[in-house]
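Residue numbering for the sequence shown follows my numbering, beginning at 1 and increasing consecutively.
First the structure, in the form of structure tokens, and then the observations on it.
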Amino acid sequence: MNNLDKLIEKFEKFPGVGARQAKRFAFHILRLNEKDTEDLAKLIESLKTNTKSCQSCQRFFSVNVVNDNYLCNICSDVNHDHSKLLVVASDNDITPIERSGIYDGLYFVLGGTAPLLESTSSSLRTKTLTAIIEERLKRDLSEIILAFAVNPDGENTDRYIISVIEPIIKNSAVIISHLGRGLSTGSELEYADPETIKNALVNRH
Numbered sequence: 001m002n003n004l005d006k007l008i009e010k011f012e013k014f015p016g017v018g019a020r021q022a023k024r025f026a027f028h029i030l031r032l033n034e035k036d037t038e039d040l041a042k043l044i045e046s047l048k049t050n051t052k053s054c055q056s057c058q059r060f061f062s063v064n065v066v067n068d069n070y071l072c073n074i075c076s077d078v079n080h081d082h083s084k085l086l087v088v089a090s091d092n093d094i095t096p097i098e099r100s101g102i103y104d105g106l107y108f109v110l111g112g113t114a115p116l117l118e119s120t121s122s123s124l125r126t127k128t129l130t131a132i133i134e135e136r137l138k139r140d141l142s143e144i145i146l147a148f149a150v151n152p153d154g155e156n157t158d159r160y161i162i163s164v165i166e167p168i169i170k171n172s173a174v175i176i177s178h179l180g181r182g183l184s185t186g187s188e189l190e191y192a193d194p195e196t197i198k199n200a201l202v203n204r205h
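Structure representation (structure tokens):
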């Protein structure tokens, strides 16, 4: 396999990218001038150094200084309501929620969904989630909001996460809520507009 085929194969592993798109990406890179190619390579390489996963919510964020206690700007902001925890499948889901301006609590990025044909998923950060919930129960945690896509995988993930966290909070006053009206069946959070997200959060149940 030559380098071009290897690059195409790498692109095919990207979410939502098929063989045809992967080839377009690869040939686009071949058409770039030398400076743009070098800039792209340096940018990709720098991501590993300058982008870290928040130790609390697990989302990726840019860091400017070396620090062993990596917390993103949301988790480190004292003005955010630390009594609320909103659980999403991926980093991309946080952006439309923040744009809606309606939610002022903290987040947790699960790292994916539990496919319908699987009762569990080893790739999900359930151990980290339960550890964070247990730690925040000692403080002022009052609500856990599950915000997954309105599709079979999202609904299966919702059921699975409830089964994981219910035993932890059963002796507490913490409530589990879900996004309400606003998101239509088949919708994914990352593609929802701010007004739709706002309505779904306001009408959570």
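For glycine and all other residues, C-beta sits at the position ideal for the given N, C-alpha and C.
As the structure is a computational prediction, the values presented were derived from the model and not from experiment.
Can you have a look at residue i and say buried or exposed, based on whether 16 or more other CB atoms are within 10 angstroms of its CB?
i    : result
N156 : buried
S46  : exposed
V78  : exposed
Y103 : buried
R136 : buried
Y107 : buried
Y191 : exposed
I161 : buried
K127 : exposed
D158 : buried
I44  : exposed
Please report the straight-line C-alpha distance between residue i and residue j, rounded to a whole angstrom.
i    : j    : result
D140 : E195 : 29 Å
H82  : I133 : 11 Å
A200 : S56  : 25 Å
A131 : L85  : 13 Å
K13  : V88  : 22 Å
N92  : K48  : 18 Å
D193 : S100 : 8 Å
T37  : C54  : 30 Å
L208 : G105 : Not covered by the structure: residue 208. The range shown for the chain is 1 to 205.
L32  : K138 : 54 Å
R20  : N2   : 18 Å
S76  : K170 : 28 Å
D39  : S163 : 46 Å
A173 : I94  : 26 Å
E34  : A22  : 21 Å
I197 : K42  : 36 Å
S123 : N203 : 30 Å
Quickly, what does DSSP pair residue i with across the bridge? List them, please.
i    : result
V109 : V88
I176 : I144
D62  : For the sequence presented, residue 62 should be read as Ser rather than Asp. Beta-bridge pairing links S62 to T51.
D81  : G105
Can you name, in chain order, every residue of its own chain whose Cβ lies under 7 Å from the Cβ of residue i, other than the five neighbours on each side?
i    : result
R125 : Q58, L110 and G111
G154 : T113 and F148
F25  : F11
L71  : C54, Q55 and S56
Which first and last residues belong to the alpha helix (DSSP H) in which residue i is found?
i    : result
S163 : P152 to I169
S46  : E34 to N50
F25  : A19 to R31
S100 : I94 to S100
I197 : P194 to V202
L116 : Note, L116: premise wrong, no alpha helix (DSSP H); not H, not E.
K127 : T126 to L137
K10  : N3 to E12
Which same chain residues, not among the five before or five after residue i, have their C-beta less than 8 Å away from its C-beta?
i    : result
I211 : Nothing about residue 211 can be reported from this structure: the residues present for the chain run from 1 to 205 only.
V63  : N50, T51, K52 and Y70
Who are the Cβ neighbours of residue i in its own chain at under 6 Å, not counting the five residues just before and after it?
i    : result
P115 : D153
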